[in-house]
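Below is one structure, written out as structure tokens; comments come after it.
There are 2 protein chains.
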Amino acid sequence: MRTTDLPLIRRSRLFAQVAEPDLTAMLTACFVQVLPEGAVLCRQGEKAEFLHIVLSGRVGLFGEAGRDEALVEFFGPGDAFIVPAVVLDAPYLLTARLLGEGRILMWPAPAFRAQVRATGPLAYGAVLLLSGYWRTLVGQIKDLKLLSAIERLSAFLLALAPRDTGPVTVTLPGGRRLMAGRLGITPQSLSRAFAALRPLGVSGGGRQVLIADPARLREFVGASALRAT
Amino acid sequence: MRTTDLPLIRRSRLFAQVAEPDLTAMLTACFVQVLPEGAVLCRQGEKAEFLHIVLSGRVGLFGEAGRDEALVEFFGPGDAFIVPAVVLDAPYLLTARLLGEGRILMWPAPAFRAQVRATGPLAYGAVLLLSGYWRTLVGQIKDLKLLSAIERLSAFLLALAPRDTGPVTVTLPGGRRLMAGRLGITPQSLSRAFAALRPLGVSGGGRQVLIADPARLREFVGASALRAT
DNA sequence: TACCGGGCTTGACGCACGTCAAGTGAACCG
DNA sequence: CGGTTCACTTGACGTGCGTCAAGCCCGGTA
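First to last, the sequence lines map onto chains A and R. Here the first sequence stands for residues 1 to 229, where the numbers follow the working numbering. Here the second sequence stands for residues 1 to 229, where the numbers follow the working numbering.
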């Protein structure tokens, strides 16, 4: 573990209330792995062995059904994912894969379970963390059920931009293929969706996307306060 | 509060670890409301005022966008919902509406927030509760992204039935209209989906549905372990 | 009994998005 | 430099589900 890791971990919602000495004590049970792009951290259906916290790099959580797979969510530095499988001691519902080289803090599941049960502040941190994730998932379900593909893309782009801003360029969390999975469409449809938004002031190549007029785009999606905070 | 309520509350994941005296102390801040069908417990976009726990009856959580609305999840006796909005002191993402007459425990948001921060066992219970909800939401997202409407219906029916069983009749948590919303389709499409499953041994009228051969249905959805536990 | 209303079903048709396939461009490399 | 690969785009076409509009069934009411 590097000296630069601790501040990052500290900032995570999970540890917001945990006292310094407790935190360092907890972390003695953990270790860090440096892994290449494509490395699989956990596989859907297997028993939970570790809690993972991203120190650097990005991770995608994928659902699999037969030959298909769908990206459910992106995670970046400071995020702790699959907490639910670990605390419930249940099989992973998702497969986690590194989207680029990254460093991952590995926290053995039994140790984490025991500590979250024994340490109030850690449990409280987990509540905050899970509450935030619940809200992003609910937002995603609402999007899937109520919005068209183009509207979902718009909503996603807007969520990436600061509120009440002028023209901005946002950085997509993954390539077009991954974006398509996150939005629940095919890469081809995503391409068409971007094309459809071009007249509305959305332009860009690669992972950088310029939103010329966020207010106009927001109006297009509908005034609704749909997205999670 | 009735004498029959306490055992129900006790059984909830939220209070699994909370000591008896602490629990009764917490509940002094709460009150019970008896409400008719259609009563709205909270409205999307408003600030969180209360945590709600269902004592009797059923509740639906709906997402709204303009004129449309979609059912995101059902809740029944013993369930505590919208915990995330309450602990994060954020606006509700969903509207909760009673699907029939019901009795609801109302817990003022500031009191709950304070208690979850101060009481380790309560926080731990919240972690368990949120973990379970996270998993059902993830299951739903995977279903929406990977399965067709007919497959989603099959998966939903199977989730209602005990595992490894012979012919069973399951009870739908709501009328056809609500079921359709939960599955992310229209009532008409739901009707057609039921028609399509009839050759596979799914028959029924109203809320009772007979699954003649669960194994066959399970095979149809795909061997995948898709659903949440 | 006749009348009415609401929930479920069925049919016809359209559209959004998936699928298949070709085309383009940038990065990499012999 | 040309060839290869891979990601993205674009086009043509098919299909699953939404939409609109009847029908059907059943329970409530006079």
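Every residue gets a Cβ at the ideal spot worked out from N, C-alpha and C, and that includes glycine. As the structure is a prediction and not an experimental result, all values here were calculated from the model.
When Cβ-Cβ separations below 9 Å define contact, W107/R makes no contact with chain A. Interface flag for K142/R against chain A is set, since a Cβ pair is found closer than 9 Å. Listed in chain order, the positions of the stretch 144-165 of chain R with a beta carbon within less than 8 Å of a beta carbon of chain A are L144, K145, L146, L147. Secondary structure at R198/A: helix, using DSSP grouped into helix, strand and coil. Counting only the Cα atoms, R182/A lies some 13 Å from V59/A.
Boundaries of the alpha helix (DSSP H) harbouring V83/A: 83-88, taken from the DSSP string. Taking a cut-off of 8 Å for Cβ pairs, the stretch 55-69 of chain R and the stretch 139-154 of chain R do not touch, as fewer than three such pairs fall below it. Taking C-beta atoms as the reference points, D22/R and P108/R fail to come closer than 9 Å. Three or more beta-carbon pairs separated by less than 8 Å are not found between the stretch 152-159 of chain R and the stretch 108-117 of chain R, which leaves the two stretches without contact. The beta carbon of L158/A lies closer than 8 Å to those of I211, P214, L217, R218, V221, R227 in the same chain, with the five residues before and after it left out. Sorting V86/A, V168/A, T136/A, V18/A by C-alpha distance to the C-alpha of A90/R places T136/A at the top. Close CB contacts of L71/A within its chain, under the 6 Å cut and outside five residues either way in sequence, are with G60, F62, L178, G181, R182 (chain order).
Per DSSP, the beta bridge partners of A96/A are C42/A, L61/A. Spatial neighbours of Q208/R in its own chain (CB-CB distance under 7 Å, excluding positions within 5 residues in sequence) are listed in chain order as T169, T171. Counting only residues of its own chain and dropping the five nearest sequence neighbours on each side, G184/R has a CB closer than 6 Å to the CB of L144. Within chain A, the residues whose beta carbon sits less than 7 Å from that of S131/R are V83, P84, V87, L88, L130, listed in sequence order. By the CB criterion at 9 Å, F81/R and E69/R fall outside the cutoff.
One thing to note: V83/A has its Cβ no nearer than 9 Å to the Cβ of A29/A. At least one CB of chain R lies nearer than 9 Å to the CB of V138/A. Look at S189/R here: in three-state DSSP terms it is helix.
T3/A places its beta carbon 9 Å or farther from that of V40/A. Using a CB distance cut-off of 9 Å, V168/A does not count as an interface residue toward chain R.
Between T119/R and S148/R, the alpha-carbon positions lie close to 44 Å from each other.
One Cα belongs to P167/A, the other to A161/A, and the distance between them is close to 10 Å. Of all alpha-carbon atoms in E46/R, P7/R, A193/R, K47/R, the one lying nearest the alpha-carbon of S56/R is that of P7/R.
A distance of 9 Å or more separates the beta carbons of A123/R and A85/R.
Annotation note: the stretch 100-154 of chain R contains the following uninterrupted alpha helix (DSSP H) runs of length 4 or greater, listed N- to C-terminal: 109-118, 120-146. Below the 7 Å Cβ cutoff, chain A contributes L144, K145 as neighbours of G184/R, in chain order. Here DSSP, grouped into helix, strand and coil, assigns V221/A to helix. About 4 Å separates the beta carbons of L130/R and L130/A, which is inside the 8 Å limit, making them a contact pair. Taking a Cβ-Cβ cut-off of 8 Å, the neighbours of G222/R in chain A comprise A65, G66, given in sequence order. At a beta-carbon threshold of 7 Å, the residues of chain R lying near L93/A are R135, V138, G139, A228, ordered along the chain. Any Cβ of chain A closer than 9 Å to the Cβ of A25/R would place that residue at the interface, and such an atom is absent. Residue burial is scored here from C-beta neighbours: A19/R has fewer than 16 other C-beta atoms within 10 angstroms and is therefore classed as exposed. With contacts defined by Cβ atoms closer than 9 Å, L197/R and R176/R do not form a contacting pair. If you look at E73/A, you'll find it isn't in any alpha helix (DSSP H); it sits in the beta strand (DSSP E) that goes 68-75.
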